[in-house]
Amino acid sequence: MTMELYLLGWTLVLAIVQIMLPAMYRNRETGIDYNAGPRDKEGPPMGVVTGRLFRAQKNLFETLPLFIGAILIAHVGQQEGAMTAWGAWLYFLARIAYVPLYAMGIPYIRSMVWGISLLGLVLVILPVIF
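Residue 129 is where the sequence shown ends in numbering that gives the first Met the number 0, and the numbering goes up by one at each step.
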């Protein structure tokens, strides 16, 4: 398996973690009975960290389909190389760093890390289109 596909697999593991984190925080806020029930009524207000974790999850899910597509196209088109490997690493590591930065509410650095993940995505796409 190529490094790019390996990192795609680990990025999907990160996506699962990002599904579970806000759900666990929300469960603490609402209780098991609310979450096990039909949730016909709105639960208590979402906490600050829980909201941040949900927004970080949403942010990942905005670029994840692009990353998946870029990795798969590069692989099928046999365009993997140093640039796609660097891009995959940048995307993956930046997405890992993004979660705690967002949860802690750290501005600017979080945005910079998001930009690094976007750069990684671009590095994977470039060999595919040129």
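Ideal Cβ positions, reconstructed from N, Cα and C, are used throughout, including at glycine.
Computed from a predicted model, the values in this text were never measured in an experiment.
Residue i - containing alpha helix (DSSP H), residue span
{"i": "F60", "result": "V47 to V75"}
{"i": "T1", "result": "From DSSP, T1 is part of no alpha helix (DSSP H); its letter is neither H nor E."}
{"i": "I95", "result": "A81 to A102"}
{"i": "P44", "result": "It is not in any alpha helix (DSSP H) - P44 carries neither H nor E in the DSSP assignment."}
{"i": "I108", "result": "I108 to I128"}
{"i": "I31", "result": "I31 to A35"}
Sequence-distant residues of its chain with Cβ nearer than 7 Å to residue i (five each side left out)
{"i": "N34", "result": "N26"}
{"i": "V48", "result": "Y24 and A102"}
{"i": "A14", "result": "L59 and L63"}
Beta-carbon contacts of residue i that lie in its chain and below 6 Å, excluding the five residues immediately before and after
{"i": "M2", "result": "A84"}
{"i": "G86", "result": "G119, L122 and V123"}
Contact the segment 10-24 vs the segment 71-79: 3+ CB pairs below 8 Å: Cβ pair count under 8 Å is below three, so no.
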